[in-house]
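Chemist: Mind looking over this structure? Questions follow.
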Amino acid sequence: MIYALCLILIVIGLYAVVTKKNVVKIVIGLAIAEYGINLLLILIGYRKDGWAPIVSPDMDPAAFAASSVDPIPQALVLTSIVISLGVLALMVALCIRLYERYGTFDVTEMRRLRG
Amino acid sequence: MDILIVLMVLMIVGAIIAVETTNLLSSIVCVGAVGFLLSIAFLFLGAPDIAITQLVVEILCLIILIRATISRDLTAVSGDREFFGLTVTLATVLAVAAAGILCMADFPAFGQSVMDRITDPPAASSRYLAAGLEKTGAANIVTSVLLDFRAYDTLGEATVLFCSILGALAVLRRKARRRESEETEGDE
Amino acid sequence: MENAIPLFVAIPLGTAFLIPMIARKLKWAPDLLGNAAMLGLCAMAFATVGQTGIYHMGGWSTLGGFKTPLGIDLRLDGLSSLMLMAVNLIGLAAALFSVDYMKRYTDKGRYYSLFLLMVAGMNGVVLTGDLFNLFVFMEVAAISSYALVAFGCEHDELEASFKYAVLGSVASAFILIGIALLYGITGTLNMAHAAGNLAGGGLPLLLATGLFMCGFGLKAALVPFHAWLPDAHPSAPAPVSAMLSGVVIKALGVYVIARLVFNIFGPAHELLTIVRWLGVVSMIVGVFLAIGQWDMKRLFAYHSISQIGYVALGLGLGTPLGIAGGLFHMVNHSVFKSLLFLNAGAVEHASGTRDLKRLGGLNKGMPVTANTSLVASMSIAGIPPFNGFWSKLLIVLACIEAGRPWLALAAVLVSLMTLASFLKVQRYAFFESARAALSQVREAPLLMRSAMLLLAALCLIMSLLVVTGLESPLLIAPAVQALSGVFGSS
Amino acid sequence: MSELPANEGMSLIVQTVTRWLKAFILLFGVYIVIYGHLTPGGGFAGGVIVACSFILLTLAYGQRRGLKAVSRGVAGEMDSVGALIFLAVALAGMIAGGAFFANFIETGEAARFTLPSAGLIPLSNIGIGLKVGMSLFLVFTVLSAMHVAVSGSRRRMISRGEDDR
Chain A
1 MIYALCLILI VIGLYAVVTK KNVVKIVIGL AIAEYGINLL LILIGYRKDG
51 WAPIVSPDMD PAAFAASSVD PIPQALVLTS IVISLGVLAL MVALCIRLYE
101 RYGTFDVTEM RRLRG
Chain B
1001 MDILIVLMVL MIVGAIIAVE TTNLLSSIVC VGAVGFLLSI AFLFLGAPDI
1051 AITQLVVEIL CLIILIRATI SRDLTAVSGD REFFGLTVTL ATVLAVAAAG
1101 ILCMADFPAF GQSVMDRITD PPAASSRYLA AGLEKTGAAN IVTSVLLDFR
1151 AYDTLGEATV LFCSILGALA VLRRKARRRE SEETEGDE
Chain C
2001 MENAIPLFVA IPLGTAFLIP MIARKLKWAP DLLGNAAMLG LCAMAFATVG
2051 QTGIYHMGGW STLGGFKTPL GIDLRLDGLS SLMLMAVNLI GLAAALFSVD
2101 YMKRYTDKGR YYSLFLLMVA GMNGVVLTGD LFNLFVFMEV AAISSYALVA
2151 FGCEHDELEA SFKYAVLGSV ASAFILIGIA LLYGITGTLN MAHAAGNLAG
2201 GGLPLLLATG LFMCGFGLKA ALVPFHAWLP DAHPSAPAPV SAMLSGVVIK
2251 ALGVYVIARL VFNIFGPAHE LLTIVRWLGV VSMIVGVFLA IGQWDMKRLF
2301 AYHSISQIGY VALGLGLGTP LGIAGGLFHM VNHSVFKSLL FLNAGAVEHA
2351 SGTRDLKRLG GLNKGMPVTA NTSLVASMSI AGIPPFNGFW SKLLIVLACI
2401 EAGRPWLALA AVLVSLMTLA SFLKVQRYAF FESARAALSQ VREAPLLMRS
2451 AMLLLAALCL IMSLLVVTGL ESPLLIAPAV QALSGVFGSS
Chain D
3001 MSELPANEGM SLIVQTVTRW LKAFILLFGV YIVIYGHLTP GGGFAGGVIV
3051 ACSFILLTLA YGQRRGLKAV SRGVAGEMDS VGALIFLAVA LAGMIAGGAF
3101 FANFIETGEA ARFTLPSAGL IPLSNIGIGL KVGMSLFLVF TVLSAMHVAV
3151 SGSRRRMISR GEDDR
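Residue numbers (our numbering), protein chains in the order written: chain A, 1 to 115; chain B, 1001 to 1188; chain C, 2001 to 2490; chain D, 3001 to 3165.
See the structure below:
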């Protein structure tokens, strides 16, 4: 159920990428898909009633290891968030430059290249 | 985890509005809302590190997106491009989603992390939780994974950011080409 | 050598970080540092021949008597070594070419920095033994290539770059979902360890496989996923086109597909069939689209799709001979396709156009460019004794050996059509009588010429590799072994 | 909002609040960076917060004031320096610890849960924080400067009655 909702979020993002005319909408679609993927990773790493993977001095190490959530997906998501931020900055730069050249955000009017 | 389902339904609603609204500014604001909901969801899922990072990155994304689009034609360009026609596209997307959901039904149940399922030999994450503090000295196991066990990934991630910023600066420079006569001269 | 493996990534990264800092004060620094770094990397890549080894990042291998790999492993074997040589050699040629060619653009410092980041990303991809690490370095290479395609900031460059960036990001999204699912199934990101934990993956594993094939198929521009390539590759500056067509689609696409299919999923029958048919379709569609083009670089770009099809066909046969042919053709294609793009760059540099209808008679004014492009054209069309002939021969023989004569026939026919379209390029660009506007063309500067000569010489030298045996050519045999052998952990 | 020229900043209320807040936000970012190995957060989150403090300054007071705090040249250099620090940590591990990224500083049991624990991790965090903070601020200023240039040139184009479509 939860995984299905997460996939729906990803698919909404990809749908926007495929169908939208506005370049900013396409970028937004990619961002939504990235959200969905990050959530999927964290969901995979979740453990029922899990703790955050941070040790405090008064914790029993064995209990901590037995009930903390998975740290690897969290590290991966941190990396993936930063990567999507980088891609977003680059794509926004491209959008601005495209706007300057074509005077529009409409992707169907940017047709210098023939298919 | 009922709260999680509520959050995710809200996120889906936000995403649909963001994709379908005609006003670009409201679309961006909706993406921001989805991002903040995501951050709260991370908090419930035992990932405070990610929640903080998601929150601040979301703020920055919003600022960048709004700056990029503000005072341009916010409403003029909307609607879909003729790809295959809307029905076919929708059908394809729905079919893909249905196939994905069908496949995910076989996926290990939510809440069953790899550490519970894979014990012989134990999954790497259980080893990190058991020995991370002792081996790296960092109380935050995510940091110890990020900057010690898998520090090489983090180098790659810092490089990605460096690279995209450099790329954005290169794309946005004022004059990209020289004229013939300028070719022999020095830089800028 | 084993201890120096991380330097393949560290050297280009360090240089790339350093260049923007000093480029403002020292104008000569980007050229010098960029080429010096590439020269060093190239020498190091050749030193890896015949070496194998696993490097544990941060010294983390296993802990406390358990066999779980903890850190990120780098893995050097025959295939990685082959790819390293291809990437860094083509990189060196492109960097040499850039010294004069990139004078037309401003901001050389950022150009070299992005170029080195792209090389670092590819070196990272071919060396890594970890799935997520592969994703990260793939993004490094991909993002720098998006920026490099748009480097000229003109209409079509920006448009091509945006298209490339969107499709590339979708591919990355697919790949990341695949990695997430694979992690959920196997509990590890280490490729060798994951390969041993796949049993009982069921439907989620099928989904992950499909996502990987779509994602890496997009990166490799195999036919249903090729839409971005004919825009992105011609729009970039010539040395970048050479890198993109020559090595990027291979290091990020075909190489990873080969690793996944043979080393992780195991040479399962269905997957190989998919790879083979993707290859055949790309081969045929690519050449048909190419033959009608009049823009020189666009024509070459469509041929990249077609030639990648040959590589996928060879790999998809799954027999040792087929894999050898596929890998050999992959390396050969790196050499001659980058040479062709550099030729196109030299022509554009001298005449200001790359439209075949407006060119002609260039072999008088530009003998080096004309002759090297003749060598490259003969190579890609599969004329003996150049290297393309031998690898195509291997693939055709492998098709017949595997009992698929129709595929062999298709490969031969596509090769004939390739010959036809390159005869057209030769005739219109170099041989037809000179046009008045082009009578004053000058040959390209020394460094550009030497880069082209280096690659043309390689076209001949590479064909000598088969002297050591048609079944197992030098350098290729260890790579084949790396794919067909057991992918053991540490 | 769209009438507001991007170069001039916002109202007095925003400016006053910003004057009070900017130092605290910066300090909070630095804290998140330095304590990354003990508490949630780390180099990236902290770096983004540092960038946000400068971005807030730019938004409230205008481009000029923001660039007075950190000029583009300095931001670009700090970006490289941060990345080089991180790479240097990795190479130091290679030379002193025998493997790329080896964490060769042993801090021992006693230092656990205090600031100087975890060997090279805090240093890596500082490098990343510097890199992320400066590079994001840099890209923000360039994006908004471009925005001003574009809308300016567009206005001129419209006033001359031509269109580049």
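No residue lacks a Cβ here, since even glycine has one placed at the ideal position from N, Cα and C.
1) Among the residues of its own chain, which have a CB less than 8 angstroms from the CB of B:Ala1098, if the five just before and after it don't count?
2) Hey, A:Glu109 and A:Tyr102: beta-carbon distance below 8 angstroms or not?
3) Mind checking who C:Tyr2105 pairs with in its DSSP beta bridge?
4) Rounded to whole angstroms, what is the Cα-Cα separation between B:Asp1049 and B:Val1056?
5) Which two residues bound the contiguous alpha helix (DSSP H) that contains A:Tyr136?
6) Compute the Euclidean distance between the alpha carbons of D:Ile3034 and B:Arg1178, then round it to the nearest angstrom.
7) Taking 8 angstroms as the threshold (beta carbon to beta carbon), is D:Pro3040 in contact with chain A?
8) At a Cβ cut of 7 angstroms, what residues of the stretch 69-84 of chain A count as close to chain D, listed as they run along the chain?
9) Here's a check: name, in chain order, each residue in its chain whose Cβ is nearer than 6 angstroms to the Cβ of C:Gly2316, leaving out the five neighbours to either side.
10) Starting from the Cα of B:Val954, find the closest Cα among A:Ile28, A:Val27, A:Thr19 and A:Gly13 and give me that residue.
11) With distances taken from CA atoms, which of C:Leu2244, C:Lys2357 and C:Leu2359 is nearest C:Ile2305?
12) Quick check: C:Ser2282 and C:Ala2312, are their CB atoms within less than 8 angstroms of each other?
13) Using a C-beta to C-beta distance shorter than 7 angstroms, which residues of chain D count as neighbours of B:Thr1021?
14) In whole angstroms, what is the alpha-carbon distance linking A:Ile44 and B:Ser1113?
15) Which value, in whole angstroms, describes the spacing of the CA atoms of D:Ser3053 and C:Leu2362?
16) Under 8 angstroms, Cβ to Cβ, is there at least one residue of chain A near C:Ser2169?
17) Would you call the CB atoms of C:Ala2346 and C:Met2366 closer than 8 angstroms?
18) Quick one: using the 10 Å Cβ neighbour count with 16 as the cut-off for buried, is C:Gln2440 buried or exposed?
19) Which residues in the same chain have their Cβ closer than 7 angstroms to the Cβ of A:Arg114, if we skip the five residues on either side of it in sequence?
20) Closer than 7 angstroms between beta carbons: that is the criterion. Which residues of the stretch 93-113 of chain A meet it against chain B?
21) When you compare each of D:Ser3135, D:Leu3027 and D:Ile3013 to A:Leu90 by their alpha carbons, which one comes out closest?
22) In whole angstroms, what is the alpha-carbon distance linking D:Gln3015 and C:Thr2128?
23) In the DSSP output, which residue or residues are listed as bridge partners for B:Pro1122?
24) Within 10 angstroms of its Cβ, does C:Val2285 collect 16 or more other Cβ (buried), or is it exposed?
25) Tell whether a beta-carbon distance below 8 angstroms holds between C:Ser2061 and C:Leu2070.
26) Nearest to C:Leu2096 by CA position, among C:Phe2431, C:Ile2179, C:Asp2077 and C:Val2240, is which residue?
27) Which of helix, strand or coil does DSSP assign to B:Gly1156?
28) For chain B, find out if any of its Cβ atoms is closer than 8 angstroms to the Cβ of C:Asp2107; answer yes or no.
29) Start and end of the beta strand (DSSP E) containing C:Ser2073?
30) Taking contact to mean 3 or more Cβ pairs, one atom from each stretch, closer than 8 angstroms, check whether the stretch 56-69 of chain A and the stretch 1058-1072 of chain B are in contact.
31) When you compare the CB of C:Ser2172 with every CB in chain B, is at least one pair closer than 8 angstroms?
32) What are the residues of the stretch 3029-3059 of chain D that lie near chain A, defined by any Cβ-Cβ distance shorter than 9 angstroms?
33) Determine, using beta carbons only, whether A:Ile37 comes closer than 8 angstroms to chain B.
34) Let me know if C:Thr2186 comes out buried or exposed under the rule of 16 or more other beta-carbons within 10 Å of its beta-carbon.
35) Contact between the stretch 19-39 of chain A and the stretch 1100-1114 of chain B: three or more CB pairs below 8 angstroms?
36) Along the chain, where does the alpha helix (DSSP H) that runs through C:Gly2168 open and close?
Modeler: On the basis of the supplied data:
1) Residue 1098 of chain B sits at position 98 when you count from the first residue of the second sequence. For B:Ala1098, there are no CB contacts under 8 angstroms within the same chain when 5 residues up- and downstream are skipped.
2) Position 109 of the first sequence, counted from the first residue, corresponds to residue 109 of chain A. Position 102 of the first sequence, counted from the first residue, corresponds to residue 102 of chain A. Contact: yes.
3) Locating residue 2105 of chain C in the third sequence gives position 105, counting from the first residue. Note: C:Tyr2105 sits in a beta bridge opposite B:Arg1177.
4) Within the second sequence, residue 1049 of chain B is the residue found at index 49, counting from 1. Within the second sequence, residue 1056 of chain B is the residue found at index 56, counting from 1. So the alpha carbons of these two residues sit roughly 11 angstroms apart.
5) This structure does not reach residue 136 of chain A, given that chain A is present from 1 up to 115, and the question cannot be answered.
6) As a position in the fourth sequence, residue 3034 of chain D is number 34, starting the count at 1. As a position in the second sequence, residue 1178 of chain B is number 178, starting the count at 1. Spanning the two alpha carbons is a distance of roughly 45 angstroms.
7) Sequence index remark: in the fourth sequence, residue 3040 of chain D carries index 40 (1-based). So, interface residue.
8) Of all residues in the stretch 69-84 of chain A, Leu78 and Val82 have a Cβ within less than 7 angstroms of some Cβ in chain D.
9) Taking the third sequence and counting its residues from 1, one reaches residue 2316 of chain C at position 316. Around C:Gly2316: Leu2272, Val2275, Arg2276 and Gly2279.
10) There is no way to answer for residue 954 of chain B, as the model of chain B reaches only from 1001 to 1188.
11) If you number the third sequence from 1, residue 2305 of chain C lands on position 305. The residue with the shortest Cα to Cα distance from C:Ile2305 is C:Leu2244.
12) Here residue 2282 of chain C is taken as the residue at index 282 of the third sequence, counted from 1. Here residue 2312 of chain C is taken as the residue at index 312 of the third sequence, counted from 1. Closer than 8 angstroms, so yes.
13) Taking the first residue of the second sequence as position 1, residue 1021 of chain B is located at position 21. Correct list: empty, because the minimum Cβ distance to chain D is about 17 angstroms.
14) Against the first sequence, residue 44 of chain A aligns to sequence position 44. Against the second sequence, residue 1113 of chain B aligns to sequence position 113. C-alpha separation (whole angstroms): 6 angstroms.
15) Looking up residue 3053 of chain D in the fourth sequence gives position 53. Looking up residue 2362 of chain C in the third sequence gives position 362. About 58 angstroms.
16) The residue you call residue 2169 of chain C lines up with position 169 of the third sequence. C:Ser2169 counts as touching chain A.
17) In the third sequence, the residue the question calls residue 2346 of chain C occupies position 346. In the third sequence, the residue the question calls residue 2366 of chain C occupies position 366. Their beta carbons are under 8 angstroms apart, which means C:Ala2346 touches C:Met2366 by this criterion.
18) Locating residue 2440 of chain C in the third sequence gives position 440, counting from the first residue. Classification of C:Gln2440: exposed, given that the 10 Å Cβ count is below 16.
19) By one-based count along the first sequence, residue 114 of chain A stands at place 114. Annotation note: pLDDT 48 at A:Arg114 (below 50); position unreliable, coordinate value reported separately. Closer than 7 angstroms at Cβ, skipping near neighbours: no residue.
20) Ala93, Leu94, Cys95, Ile96, Arg97, Tyr99, Thr104, Phe105, Asp106, Val107 and Thr108
21) On the first sequence, residue 90 of chain A is found 90 positions in, with the first residue counted as 1. Taking only the C-alpha atoms, the option nearest A:Leu90 is D:Ser3135.
22) Translated into the one-based positions of the fourth sequence, residue 3015 of chain D becomes position 15. Translated into the one-based positions of the third sequence, residue 2128 of chain C becomes position 128. Computed Cα separation, rounded: 50 angstroms.
23) Translated into the one-based positions of the second sequence, residue 1122 of chain B becomes position 122. BP columns for B:Pro1122 point to B:Thr1119.
24) For the purposes of this step, residue 2285 of chain C is taken as the residue at position 285 of the third sequence. So C:Val2285 ends up on the buried side.
25) Here residue 2061 of chain C is taken as the residue at index 61 of the third sequence, counted from 1. Here residue 2070 of chain C is taken as the residue at index 70 of the third sequence, counted from 1. In contact: C:Ser2061 and C:Leu2070 (Cβ atoms closer than 8 angstroms).
26) The residue you call residue 2096 of chain C lines up with position 96 of the third sequence. The shortest C-alpha separation from C:Leu2096 is found at C:Val2240.
27) Residue numbering aside, residue 1156 of chain B sits at position 156 when the second sequence is read from its first letter. Collapsing the DSSP output to three states places B:Gly1156 in a helix.
28) Sequence index remark: in the third sequence, residue 2107 of chain C carries index 107 (1-based). Cβ-Cβ to chain B under 8 angstroms: yes for C:Asp2107.
29) Start at 1 with the first residue of the third sequence, and residue 2073 of chain C comes out as number 73. First, the amino acid is wrong: residue 2073 of chain C is Asp here, not Ser. Here the beta strand (DSSP E) through C:Asp2073 covers Asp2073 to Leu2076.
30) In short, these stretches do not touch, since the Cβ pair count stays below three.
31) Mapped onto the third sequence, residue 2172 of chain C falls at position 172. Chain B, which has no Cβ nearer than 8 angstroms to the Cβ of C:Ser2172, makes this no.
32) Leu3038, Thr3039, Pro3040, Gly3042, Phe3044, Ala3045 and Val3048
33) Here residue 37 of chain A refers to the residue found at position 37 of the first sequence. No, no contact with chain B.
34) Residue mapping note: residue 2186 of chain C aligns to position 186 of the third sequence, counting from 1. The residue in question, C:Thr2186, is buried, as its Cβ has 16 or more Cβ neighbours within 10 Å.
35) no
36) Numbered from its first residue, the third sequence carries residue 2168 of chain C at position 168. In the DSSP annotation of this structure, the continuous segment of the alpha helix (DSSP H) that includes C:Gly2168 starts and ends at His2155 to Thr2186.
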